[in-house]
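Chemist: Numbering (the UniProt record's numbering), first residue to last: 1 to 234. Where a beta carbon is used, it is the ideal one built from N, C-alpha and C, also for glycine. For clarity, every value in this text was computed on a predicted model and none was experimentally measured.
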């Protein structure tokens, strides 16, 4: 479904991503783990058209993305849940969800999808007229996910969805990720919580200073001594 080949990304003189290649197959959860500053968010921004690569190829169902505008990438069926949630704080919950469907014209199906989001996240229904900036951290994360779902994605790119949440809410968010995957949405998950990310993923990649240093089945990486020592606190 998604293929990244020899991706290179720079910020001025800083070479942030070095020859990164990864693949996400239809129906999978694939985790990308690594320390702060490893380049995880940069990779997601480049895949979704927010940052232009210096070199390499990004293919979504065989279609090249590296020069495509971000709004066109959304229309292909890719949605991004950004780091820090990035909700529209001065807009209501309902208005945020409407923004998620801005590229769609199928009004009847949009209404059905909105109802599905409210069913999945009852707290959002309760607060639909409330300004998004007044929500708790967990509710804002639910809103960010719901907003992405309103674009009707086939693949969802999620950047640090557990950031700043209590352990109980982290469990809830990861359960939601699994449920979304079971409903037919492919997931590329960037996470610092390596243990949780690997526990729900099919496959994973380990990123260090802009380079893929390990890859494989998530269960194998979860039990790998190097991964345990570096990322799991073992």
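Would you call the segment 114 to 122 and the segment 1 to 10 touching, i.e. three or more CB-CB distances under 8 Å?
Modeler: Result no; under three Cβ-Cβ pairs closer than 8 Å.
Chemist: Suppose only complete runs of 4+ residues qualify. What are the alpha helix (DSSP H) ranges in the segment 86 to 132, listed by chain order?
Modeler: As far as the segment 86 to 132 is concerned, its whole alpha helix (DSSP H) runs of at least 4 residues are 93 to 100, 107 to 120, 122 to 126.
Chemist: Would DSSP call residue 66 helix, strand or coil?
Modeler: Residue 66 falls in the coil class under three-state DSSP.
Chemist: Just to confirm, are residue 50 and residue 70 a CB contact at a threshold of 8 Å?
Modeler: Contact flag set, yes.
Chemist: Is it the case that the Cβ atoms of residue 190 and residue 148 are separated by a distance below 8 Å?
Modeler: No; because the gap between Cβ atoms is not below 8 Å, this pair is not in contact.
Chemist: Give me, in chain order, the residues of the same chain whose beta-carbon lies closer than 6 Å to that of residue 138; leave out the 5 immediate sequence neighbours on both sides.
Modeler: Excluding sequence neighbours, residue 138 sits near 165, 169.
Chemist: Identify which residue in 187, 193, 214 has its Cα closest to the Cα of residue 1.
Modeler: Considering only alpha carbons, the answer is 187.
Chemist: Can you tell me where the alpha helix (DSSP H) with residue 5 in it begins and where it stops?
Modeler: Where residue 5 is concerned, there is no enclosing alpha helix (DSSP H), although the beta strand (DSSP E) it sits in stretches over 2 to 11.
Chemist: If you draw a straight line from the alpha carbon of residue 145 to that of residue 185, how long is it in whole angstroms?
Modeler: Roughly 12 Å between the two C-alpha positions.
Chemist: Applying the criterion that 16 or more other CB atoms from any shown protein chain within 10 Å of the CB defines a buried residue, is residue 89 buried or exposed?
Modeler: By the neighbour-count rule (16 or more Cβ atoms within 10 Å), residue 89 is not buried but exposed.
Chemist: Roughly how many whole angstroms lie between the Cα atoms of residue 25 and residue 126?
Modeler: Taking the straight line from one Cα to the other gives about 36 Å.
Chemist: Smallest Cα separation from residue 55: which of 76, 72, 115, 16?
Modeler: The shortest C-alpha separation from residue 55 is found at 16.
Chemist: Which two residues bound the contiguous beta strand (DSSP E) that contains residue 29?
Modeler: It spans 29 to 33 - the beta strand (DSSP E) in which residue 29 sits, taken as one unbroken run.
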